[in-house]
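Colleague:
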């Protein structure tokens, strides 16, 4: 083991928490694994672009949401430029779910959880579910007729299982806070974990090919070529 | 405030009905597009790149 | 590529590192291209379609557009027969109102955490704030002093007469009847609502300056037929698969299809416990979705469906010839 400047690590340093974290991190994800410049040759289908497309859409969602947040929840109702960024935010959400669903279909049909990649599937699936929650709080934060209706209807599902008083869909302050900070943090954290797992385990290999038939014997008098 | 959109989608939607199933045209378009894009992503050839060992 | 068949790489299992071959793959460039593409698509869609913004219904707009419906809802809140008054937890204690999953009621167990006394919160307290109206003060006192049976007789008679009411400059004119103090109370409440004062009174009912919690005014407003008719016009009702829909002709939340489909079919469609049952069902299905890698049958399904043969056809062409 060596430190950042290539010197060997002393026994005292090895007991340090910092050293332990660094060695675990670098061991799991050395730079060429974290940002590889090559992929297995079987990564040759357009289906593979939908993961990064989902991330790209999420970046646009967060960026447009940040701009909306800078001017507060009233802005997009009263200013044309605010309405424009609200449009970007809404369409980026539609693109995000579109790309994520195509990505998840692809990963399902590839059996992408094989070879110890179960956590990769799980973090992705949980990110999907948390994103649905983030979208729900977004619709509730619109402060228009749609959010009034969604709150009135949404309360019934949550109240029916006893969580409607904690997560009060008619409490705009609470829903807005969930939407602009709590749930985006959760979604981004899950996506980062998901991507790090993909880098750690690599892209899942294809299902085994059909077994190749043994080579024909040339003539009975000749022995096997092997 | 009127939005400066090229196409005004603020009129009530058209709905497709089949037995108990009913969905807006916009939602049906999105779902069909998803399926089409998924199939296209699998069928359209991906550019071949040079192998390295 | 030569015509010779490449031997399948000797990968002992799916977890082993891929022994080769590899190709150059620029992940950062791919991300930048994806960012430009997604941002560009979002801009194009916004320029083409913008986004919906149907303005909210206020209690004022409701009281002006549908005074009869407003009064029907208000008298139901006063006599405790409204949807919210009989909702049960978290708003109030109402026997057998809470939804159950089998014998268990999580709704009941959670208790009354957002207490709403519909008569006090929606009628009596706002009316008490109206200044300089001695007749109203007397009506309120008379109502509150009356026994419950007499109160119910007044509100029942008022409710029955409402469909025959006429409205003259915001003042309800009912046929002759024994409404007691309920008639002047309701007329004053309608006047307060049409002036916009009830929106304010309900949101700031706790006499705080700042407020971001719209529970009280929203539950009152949304209990009326006027609000529901507006939602029906936009295809947002549960029976219209409304959970998936957006106002206008915009695409909505297609990812909620499985949440809403259960409400359309039996046994959920006619069940009093539909919300609780579907919530739990979707919880179980969501857990199963997350745990696909560990569910026998499901985790091997892709192998049998063979869609992967299309995705990896280049690879199979090479190793199988």
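Protein chains in written order, with our numbering: chain A, 24 to 249; chain B, 167 to 219; chain C, -11 to 309. The beta-carbon is built from N, C-alpha and C at its ideal position, and this holds for glycine as well. From a predicted model like this one, the values you see are computed outputs, not experimental measurements.
1. Along the segment 51 to 64 of chain A, where does the CB come closer than 7 Å to a CB of chain B? Name the residues.
2. Roughly how many angstroms lie between the CA atoms of residue 102/C and residue 177/A, to the nearest whole one?
3. Mark residue 43/A as exposed unless 16 or more other C-beta atoms lie within 10 angstroms of its C-beta, in which case mark it buried.
4. Look up residue 274/C in the DSSP assignment and say whether it is helix, strand or coil.
5. Per DSSP, residue 63/A forms a beta bridge with which residues?
6. Taking only runs of the alpha helix (DSSP H) that begin and end inside the segment 158 to 197 of chain C, which ones reach a length of at least 4 residues, in chain order?
7. Rounding to the nearest angstrom, what Cα-Cα distance links residue 40/C and residue 83/A in this structure?
8. Would residue 13/C and residue 169/A be called neighbours here (beta carbons separated by less than 8 Å)?
9. For residue 178/B, decide whether its Cβ has a neighbour in chain C, counting only Cβ atoms nearer than 8 Å.
10. For a contact meaning CB atoms closer than 8 Å, what does residue 125/A contact in chain B?
11. Buried or exposed for residue 76/A, going by 16 or more other Cβ atoms inside 10 Å?
12. Just the chain A side, please: which residues come within less than 9 Å of residue 217/B by C-beta, in chain order?
13. State the Cα-Cα distance for the pair residue 248/C and residue 261/C, rounded to the nearest angstrom.
14. Which two residues bound the contiguous beta strand (DSSP E) that contains residue 190/B?
15. Write down every uninterrupted run of the alpha helix (DSSP H) in the segment 74 to 146 of chain A whose length is 4 residues or greater and which is fully enclosed by it, in chain order.
16. Can you say whether residue 184/B is buried or exposed, counting buried as having 16 or more other CB atoms within 10 angstroms of its CB?
17. In three-state terms, what does DSSP make of residue 156/C?
18. What would DSSP say about residue 4/C, mapped onto helix, strand or coil?
19. Where does the unbroken alpha helix (DSSP H) through residue 206/C begin, and where does it stop?
20. Beta-carbon separation of residue 150/C and residue 56/C under 8 Å?
21. At 8 Å on the CB atoms, spell out the chain A contacts of residue 303/C, in chain order.
22. Return the CA-CA distance between residue 213/C and residue 51/C, expressed in angstroms with no decimal places.
23. Short check: CB of residue 11/C to CB of residue 62/A, under 8 Å?
24. Could you tell me the boundaries of the beta strand (DSSP E) in which residue 181/B lies?
25. Here's a check: name, in chain order, each residue in its chain whose Cβ is nearer than 7 Å to the Cβ of residue 232/C, leaving out the five neighbours to either side.
26. How do the segment 73 to 89 of chain C and the segment 103 to 123 of chain C stand: do at least 3 beta-carbon pairs fall below 8 Å, yes or no?
27. Mind checking if residue 128/A is an interface residue toward chain B, Cβ cutoff 8 Å exclusive?
28. Tell me, please, whether the CB atom of residue 186/B is closer than 8 Å to any CB atom in chain A?
29. I'd like the list of long-range same chain contacts for residue 39/A, defined as Cβ closer than 8 Å, with 5 residues on each side in sequence excluded.
30. Please decide whether residue 121/A counts as near chain B, where near means a Cβ-Cβ distance under 8 Å.
31. Per DSSP, residue 25/A is paired with what?
32. Residue 186/C and residue 47/C look like a contact to me (Cβ under 8 Å); what is the Cβ gap, rounded to whole Å?
33. Name, going along the chain, the residues of the segment 195 to 218 of chain C whose beta-carbon falls closer than 8 Å to a beta-carbon of chain A.
34. Using a 10 Å radius around the Cβ and a threshold of 16 neighbouring Cβ atoms, would you call residue 311/C buried or exposed?
35. At 4 residues or longer, what runs of the alpha helix (DSSP H) sit wholly inside the segment 110 to 157 of chain C?
36. Cβ of residue 173/B less than 8 Å from any chain A Cβ?
Modeller: In brief:
1. 61 and 64
2. 16 Å
3. exposed
4. helix
5. 10/C
6. 170 to 182 and 185 to 191
7. 19 Å
8. no
9. yes
10. 200, 203, 204 and 207
11. buried
12. 64
13. 15 Å
14. 187 to 190
15. 98 to 101 and 103 to 132
16. exposed
17. strand
18. coil
19. 203 to 210
20. yes
21. 64, 65, 67, 229 and 232
22. 12 Å
23. yes
24. 181 to 184
25. 240, 241, 242, 244, 245 and 248
26. yes
27. yes
28. no
29. none
30. yes
31. 31/A
32. 5 Å
33. 200, 201, 202, 203, 206, 207, 209, 210, 215 and 218
34. Residue 311/C lies beyond the range of chain C shown here (-11 to 309); nothing can be said about it.
35. 113 to 116, 122 to 133 and 136 to 149
36. no
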